[in-house]
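Notes to accompany the following structure.
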Amino acid sequence: MCKPLLTKIRNTLNAALYNSAFNANQIDKILLFGGGSRMPMVKQLLQETFPKSQHCAEEYPDEVVAIGAAYYACNIFSE
């Protein structure tokens with residue numbers, strides 16, 4: 014059920030690395046947010062892809078997204 018999603022995440026990560034000046038071993042921190050960051054399979058995929066990275070996760074990852082959206086809305090409407 015989650016396999017297509019994990020494949021899409023893996024492909025996106027590989028494309029991002031390919032298009033950047035970095036390799037996976039140079040990434041030392043990954044910020045996790047949003048509901049998907051709670052999935053153990055996503056965390057495992059990130060650990061496999063970035064073996065030397067530290068994963069930083071908020072206690073309430075969904076709220077981080079909502080707060081970011083609120084900041085963005087405030088910014089675009091205050092212009």
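Per my numbering, residue 14 is the first one in the sequence shown, and the count goes up by one each step.
For every residue, glycine included, the Cβ atom is placed at its ideal position computed from N, Cα and C.
A quick note: this is a predicted structure, and the numbers were derived from the prediction, not measured.
By the CB criterion at 7 Å, Thr62 and Leu26 fall inside the cutoff.
Taken in chain order, the complete beta strand (DSSP E) segments of 3 residues or longer contained in the region 22 to 66 are 42 to 45. In its chain, beyond the 5 residues on either side, Asn38, Asp41 have a beta carbon closer than 7 Å to the beta carbon of Lys65. In terms of Cα proximity to Asp75, the closest of Ser91, Met52, Gln57 is Met52. Taking a 10 Å sphere around the C-beta of Leu44, we find fewer than 16 other C-beta atoms and assign the residue as exposed. Residue pairing of Cys69 in beta bridges, as defined by DSSP: Leu44. Within the model, the alpha-carbon separation for Tyr73 versus Tyr84 is close to 17 Å. The DSSP-derived three-state label of Cys15 is coil.
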